[in-house]
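Trainee: There's a structure below that I have some questions on.
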Amino acid sequence: MSKLNPHIAPPAFASRLLRWFCHSDFHEELAGDLEENFLKNTEIYGLKKAKRKYTIEVLGLLRPSVIKKVRLFNYQNNTAMFKNYTLVAFRNLSRNRLFSAINILGLAMSMAVALLAIVFVTEIYSFDEFHKNKDRIYRVNNIVIKPDGELSVPYASTSLLAAQKIREQVPGIEKVASFFKGFYGDLKTENETYSIEGYFASKEFFEVFTFPMVQGNPETALTEPYSLVLTESTAIKMFNSTDVLGKTLLRRKTPYTITAVVKDPPRNSHLRFDVLGAQSTLASETRNSVLTDWNSMWSSYAYLLVSENRNLEQIQASIDQIAKEENAKSQSLNAKLRIERMSDIFPGEDRWNEVGTVMPNQRLSAMIILALIVIFSACFNYANLSIARSLKRAKEIGVRKVVGAKQGQIFTQFITESILVSLISLILAFFLFRLIRPEFLSLDFYISRTTTLELTTSTYFYFFLFTVLIGFLAGCIPALVMTNFKPISIMKGIANMKVSEGINIRKILIGIQFVLSMGFAILVTLTYKQYQFALNFDLGYETEAILNVELQGNDFDIVKSAFIQIPEIEGISGSAFMPSTGSTNSDHAKIESKADSVVVYSIRINEDYIQNLKHEILAGGPINDDLQKKQMIVNEAFLKQFELGSPIDAIGQIVDYYNENREIVGVIEDFHYGTIYNDIQPFAFIQSEGYLNYTNLKIRSKDMNSTMAKIANAWNSIDSNHDLQASFFDEDIERTYKDLSSSMKTYGLLSIVAISISILGLLGMAVYTAEARLKELTIRKVLGASVQSLVSLLSKNFVIIFIVSAAVAIPTSYYLFKNTIAQNMEYTINIGFWELGSGAILVITTALLTISSQAIKAAKANPSESLRSE
Amino acid sequence: MKGTYLGEFQEIVLLTILVLHENAYGVSVQEEIEKRTGRGVSRGALHTAFTRLEEKGFIQSEYGGATAERGGRRKRFYQVTNLGKSSLNEAKEVRDELWNSVPKIALQKIQG
């Protein structure tokens, strides 16, 4: 036999592999045999080949008779052991009531948020799943190419012409369903009028989409012009029956014949409609340019049903060809056509001219991320407290191990325990979930318009699965820590055991929690301040006590004559829409003597508007309703842009605007016609010319309820078909900043959850520290330490954690605020010390109070109580 | 009888253990089989055979002699039990009987 050379050793990886998979009963024999062979082989074949042979032999041992028995529980009576685990778990829970409560409450709060996220995400992902051909439906998007070559954000819409060309020319497509989103307004039966919304849809609509018929033939329902398809609920509303085929309804004095009734579009459809009119109707209407104009891409949509063996690249290429031809023919539009999968629509990327409300991808991912953050925070708590308290259970683990428990069993025990805790939390979380659901639904219109958060069997299943997962996650670290306790060191004495490695992990976990809490708290403060700032923003005119009433198609003068009799109404004016609420209108304006045309924003108003909303007039006067002389009022920015000099000089200038030559009759001070997201650009008020949609009532009233009743009465006297639509200007502005207030609410809710969880965790840690050091503290006290010095002794470590967390949280949340919420804002709050500091200070103060309450309790305790037993 | 069937390879292993007498352990059995039959045997295949034979009660094993070239690991020596021996005999008897029953003419190799 050879001399033993330490360099001659079997390949380390292979021998480690063998040790890993080989059953311990055989390892000694097999490893020995292999090594003996290996040494012989080295002499015969050389080291390299011997190593290779060794590896091959090891791999050859990968067989059932050699491999460890992979069994989670190495004993027969699992159920008995599980019973024991559950019993011990319950005993432990009830022995440490405070800690159990902290864990359960913390987990329940975060799980409630997570449940919300689960329901929300499942609901969002169920969208459009009901279409039988969902995998083969594609939508055509228009992307406008601007004169400078830049591409616009994709439009969800395209032209009906494009749809028709694709229908005729592109191979590999079975059907093209197109529709025009313009079937709204009133439908009249013999004696009633109903306000409806729907599409002019092409005859392939029911072949591409799956909207089952109640009555009628899906293939022919939309073929003939003036055919009409009602949804089930619309039919029942109008006729109290679905048996309505052949009946007629009047739309704009034209009769439409009902050819079919379909089931209502499900809630999780991104297409929603009350009625569908045949698209062929458009050809016989005056608006047939919608059908033939490449530029009419603003409210029509095309969905393609591609064949089974599609070649998307080929389809896209043929569609590109169509776009190229049409762009060459058209003077007004240069656009690309692009197809996108149906499943990418909802939730989807940002598109202009969406058919309905679409949940943006970012919102969905933000929701998921925030829920995950909260969940992890609560899991940290559990891990933290369990590790901290693990010493108390060391004896139990020691005894179990000595009696013969394997590592896997100890692990299973603690996992069982944490899953049990999370299941208990689930019950509480479920109640919390029901509590916050309505709040969440009202958070923003993306959510309220698209989701119901109704629970289904699958969501219950996900809840359960998720709970077990959370139990596992939360229990994983403590279970591993406790599994690795050596019985010998436990038996020698707990006092000597090292758990110092755990302390750093715990500090980091607490730190992360506090960064989150402070971060959320600071974000809430900033968003709240910004929201208040937006609401109280000095717009440059008065919005107070102005009630805006939608005319809903009624003539302004008739409405005015009805309202003018109410004494509480001080002033009445009219406008096309309301400024400062996010809507804008613009066109190019040109002055003869100046070279360039400029984009000017505008609102159509009547002659009383300027005075009614108290705009500051710098020169000239208000518009009058003399239509012979076209007039406009401009702002200071307008003068600056066109270099018209002083306000007085500008009066009498003629501007080419909205296809008319208009004379400047007045100049007003700059005001914020846009929102805080826009700065002030050239702006003009122009004559109404019959385009009024709102009347603005200036109200002075002591009894608002009775005034509103009078207004409603006056309204009903002139229009009994429509309900009064009125809102105060300040409410309109509030609604404009709805997304700010919804981010505020989201962060508010999350910060409450995050802060509560971290404070709970901290409370647990503080109680534990005080308990663990009780003897030390009493001895210090006996030797003369003051309560104060004991408190600071206990709090010192935590204070360092808080300071570090604040140092991380403040810049991060500032950065987040600047780059998300305030990203596109022209006017933002000044962020100073208090804006940033107050959130952090609040969290730190609460935390310090929590710690010191425990510290004081420990410091004040009677020394004889804890020393007596020695 | 289920479980007492002796596979061909198992039979070879049993016989080899008997051949090696007091020195039958993994490596020696492996080498002996390779030497005598000329076919390579993997340690894994051998292990499976040992396991099966032990399950059937044909062999028994005990640990002995650790040597340095085994990394200080002990050898596991195998012995054929009485049951194993009788099973071998039985198998041999069956074969002998069969051999004896074969007509001589059948054993002549076919020409051409």
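So the sequences go chain by chain: A and B. Taken in order, the first sequence gives residues 1 to 870; the numbers are from the UniProt record's numbering. Taken in order, the second sequence gives residues 1 to 112; the numbers are from the UniProt record's numbering. By construction, the Cβ of each residue, glycine as well, lies at the ideal position given by its N, Cα and C atoms.
1. Please identify the residue among ILE368/A, THR820/A, ARG700/A, SER517/A whose C-alpha is closest to the C-alpha of ALA840/A.
2. Give the straight-line distance between the Cα atoms of ASN37/A and TYR54/A, rounded to the nearest whole angstrom.
3. Is the beta carbon of GLU417/A less than 9 Å from the beta carbon of GLY475/A?
4. For the region 698-779 of chain A, which segments carrying the beta strand (DSSP E) assignment without a break, of at least 3 residues, lie completely within its bounds, in sequence order?
5. Against GLY40/B, what residues of chain A qualify as contacts under a CB-to-CB distance less than 9 Å, listed in chain order?
6. Have a look at the DSSP bridge pairing and note the partners of PHE13/A.
7. Are at least three pairs of beta-carbons, each pair with one atom in the region 305-322 of chain A and one in the region 245-265 of chain A, less than 8 Å apart?
8. I'd like to check one pair, ILE546/A with ILE591/A: are the Cβ atoms closer than 9 Å?
9. For LEU34/A, would you say it is in contact with chain B, using Cβ-to-Cβ distances shorter than 9 Å as the test?
10. Give, in chain order, every unbroken run of the alpha helix (DSSP H) that is at least 4 residues long and sits entirely within the region 621-680 of chain A.
11. Given that LEU18/A touches chain B, what residues does it touch there, using C-beta distances under 7 Å?
12. Return helix, strand or coil for THR189/A, following the three-state DSSP convention.
13. For ILE17/B, which residues from the same chain have a beta carbon less than 6 Å from its beta carbon, with the 5 sequence-adjacent residues on both sides left out?
14. Taking the alpha carbon of ALA68/B as the reference point, which residue from ALA9/A, LYS48/A, ALA117/A, ARG52/A has its own alpha carbon closest?
15. When the Cα atoms are used, what is the spatial distance from MET578/A to ARG735/A?
16. Would you check if the distance between the CB atom of ILE562/A and the CB atom of SER688/A is smaller than 9 Å?
17. With three or more C-beta pairs closer than 8 Å as the rule, is the region 199-213 of chain A touching the region 340-351 of chain A?
18. Any idea which residues DSSP pairs ALA177/A with across the strands?
19. Measuring CB atoms only, is the region 636-644 of chain A touching the region 601-614 of chain A, in the sense that at least three cross pairs come out at less than 8 Å?
20. Per DSSP, what kind of secondary structure is ASN74/A in: helix, strand or coil?
21. With 16 as the cutoff for other CB atoms within 10 Å, does TYR414/A come out buried or exposed?
22. Please state if the CB of SER65/A and the CB of THR48/B are separated by a distance shorter than 9 Å.
23. Our contact map puts VAL140/A next to THR158/A with C-beta atoms below 8 Å; I'd like the distance itself, whole angstroms only.
24. Chain A beta carbons: is any one of them nearer than 9 Å to that of ALA45/B?
25. Roughly how many angstroms separate the alpha carbons of ALA335/A and ILE143/A, rounded to a whole number?
26. Mind listing, in chain order, the continuous alpha helix (DSSP H) runs of no fewer than 4 residues lying wholly within the region 505-583 of chain A?
27. Taking Cβ-Cβ distances shorter than 9 Å, what residues in chain A pair up with GLY26/B?
28. Kindly list the residues whose CB is nearer than 6 Å to the CB of ILE851/A, restricted to its own chain and excluding five residues on each side of it in sequence; keep chain order.
29. Going along chain B, which residues have a C-beta under 9 Å from LEU47/A?
30. Chain B beta carbons: is any one of them nearer than 9 Å to that of LEU455/A?
31. Out of VAL261/A, GLU174/A, GLU224/A, point me to the one whose CA is closest to PHE211/A's CA.
32. Could you tell me the alpha carbon to alpha carbon distance between THR778/A and GLY398/A, rounded to whole angstroms?
33. Where does GLN10/B fall in DSSP's three states?
34. What does the Cβ neighbour count give for PRO347/A, buried or exposed, with the cut at 16 atoms within 10 Å?
35. First and last residue of the alpha helix (DSSP H) that includes TYR814/A?
36. What do you reckon, are the CB atoms on VAL355/A and GLY277/A nearer than 9 Å?
Mentor: Well, looking at it:
1. SER517/A
2. 8 Å
3. yes
4. Within the region 698-779 of chain A, the complete beta strand (DSSP E) runs of at least 3 residues are 726-728.
5. Result: empty, since nearest Cβ-Cβ is about 10 Å, beyond 9 Å.
6. DSSP output for PHE13/A lists no bridge partner at all.
7. no
8. no
9. Yes, LEU34/A counts as interfacial toward chain B.
10. 636-642, 647-650
11. Under the 7 Å cutoff, chain B gives no residues; its nearest Cβ is about 11 Å from LEU18/A.
12. coil
13. ALA24, TYR78, VAL80
14. Of the listed residues, the one whose Cα sits closest to ALA68/B is ALA9/A.
15. One C-alpha to the other measures close to 12 Å.
16. In the sequence under discussion, the amino acid at residue 562/A is Ala, which differs from the Ile named in the question. Not closer than 9 Å, so no.
17. no
18. TYR303/A
19. no
20. At ASN74/A the pLDDT is 49, less than 50, meaning the model places this residue with poor confidence; the figure from the coordinates comes in the next sentence. Here ASN74/A sits in coil by DSSP.
21. Residue identity differs from the one stated: residue 414/A is Phe in this sequence, not Tyr. When all chains shown are included, PHE414/A counts as buried.
22. yes
23. 4 Å
24. True, the Cβ-Cβ gap to chain A drops below 9 Å.
25. 5 Å
26. Fully contained in the region 505-583 of chain A are the following alpha helix (DSSP H) runs of length 4 or more, in chain order: 556-563.
27. GLU29, LEU30, GLY32, ASP33, LEU34, GLU36, ASN37
28. ALA766, SER795, PHE798
29. The contacting residues do not exist; LEU47/A stays about 15 Å from chain B at best.
30. For LEU455/A, the answer is no, since every Cβ of chain B falls outside 9 Å of its Cβ.
31. Residue VAL261/A is the option with its Cα nearest to PHE211/A.
32. Going from the Cα of THR778/A to the Cα of GLY398/A covers about 29 Å.
33. helix
34. buried
35. 787-816
36. Contact flag unset, no.
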